[in-house]
Structure formats: structure tokens, C-alpha cells
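Quick note, the working numbering runs 235 ahead of the 1-based positions in the sequence shown. Beta carbons: idealized from backbone N, C-alpha and C, even for Gly. Reading through the C-alpha cells given below for one structure.
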Amino acid sequence: MLESLPKKINKPSLERLLKENIKLNKKIYESCQKIEKYIFFTKVFATAKFVLIFIPIIIGVLFLIPFVGDFLEIYKNIFANIGEVTGLLKNMKDIQSLQTL
Numbered sequence: 236m237l238e239s240l241p242k243k244i245n246k247p248s249l250e251r252l253l254k255e256n257i258k259l260n261k262k263i264y265e266s267c268q269k270i271e272k273y274i275f276f277t278k279v280f281a282t283a284k285f286v287l288i289f290i291p292i293i294i295g296v297l298f299l300i301p302f303v304g305d306f307l308e309i310y311k312n313i314f315a316n317i318g319e320v321t322g323l324l325k326n327m328k329d330i331q332s333l334q335t336l
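Rendered as C-alpha cells:
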């Protein structure tokens with residue numbers, strides 16, 4: 236790049252280089268602004284996606300907790316009844332064995 240510069244830099248060529256540099260800097264600045272907007276909107280949409288996916292799941296879990304508690308109570312009662320039935324069957328076998336004596 237330094238080879239393309241003239242050995243002696245006169246005022247008109249210096250002005251031309253400065254104008255070209257200013258043009259390129261403006262283009263770079265515009266590109267940076269576009270990139271910043273892109274990053275900003277990417278963050279906004281990522282946050283929106285997170286909210287749209289996880290918030291309903293959390294709300295659903297909070298609403299399901301009472302139903303799960305009721306469901307577990309039903310199964311506790313069933314298993315308790317099974318234990319009682321097993322105990323009754325064991326007692327009946329004991330009574331039958333005593334009757335055969």
C-alpha cells in the first residue's frame with residue numbers, strides 16, 4: 236500500500252487522499268451502524284423467543300401442580316387399599332389354616 240503513494244505528496248493529492256479516506260470512513264460507519272442494528276434486533280428476537288417458549292411452560296407447570304397432587308393422592312389411596320387387601324388375604328389364609336386344624 237505504501238508503494239502506491241507518491242514519493243512527494245503535494246497538496247492536491249493529499250486533499251484527494253483525505254476525501255477518499257473520508258468516503259471510505261463514512262461507508263465503514265454506515266456498515267457498523269447496520270451491524271449494530273442487526274445485533275440489537277437479534278438480541279430482541281432471541282429474548283422474545285425465550286419468553287414465548289419458556290414462560291408458557293412455567294405457567295403450565297404452576298397450573299399442573301395441584302392436579303399432580305390430586306393424582307398422587309389417588310394413587311396413595313389405591314396403594315393403601317392394596318396393602319389392606321393383602322393384609323386381609325393373609326388373615327383369611329391364617330383363619331383357613333386354623334379351621335383345618
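Original post:
Nearest-angstrom Cα distance between I257 and E265?
Top reply: As a first step, residue 257 is located in the sequence shown; it is residue number 22 there, counting from the start. As a first step, residue 265 is located in the sequence shown; it is residue number 30 there, counting from the start. C-alpha separation (whole angstroms): 12 Å.
Original post:
What is the DSSP secondary structure of N245, reduced to helix, strand or coil?
Top reply: Locating residue 245 in the sequence shown gives position 10, counting from the first residue. Note: N245 maps to coil in three-state DSSP.
Original post:
Expressed to the nearest angstrom, what Euclidean distance is found between the alpha-carbon atoms of K325 and L297?
Top reply: Along the sequence shown, one-based indexing puts residue 325 at 90. Along the sequence shown, one-based indexing puts residue 297 at 62. Their Cα atoms are separated by approximately 43 Å.
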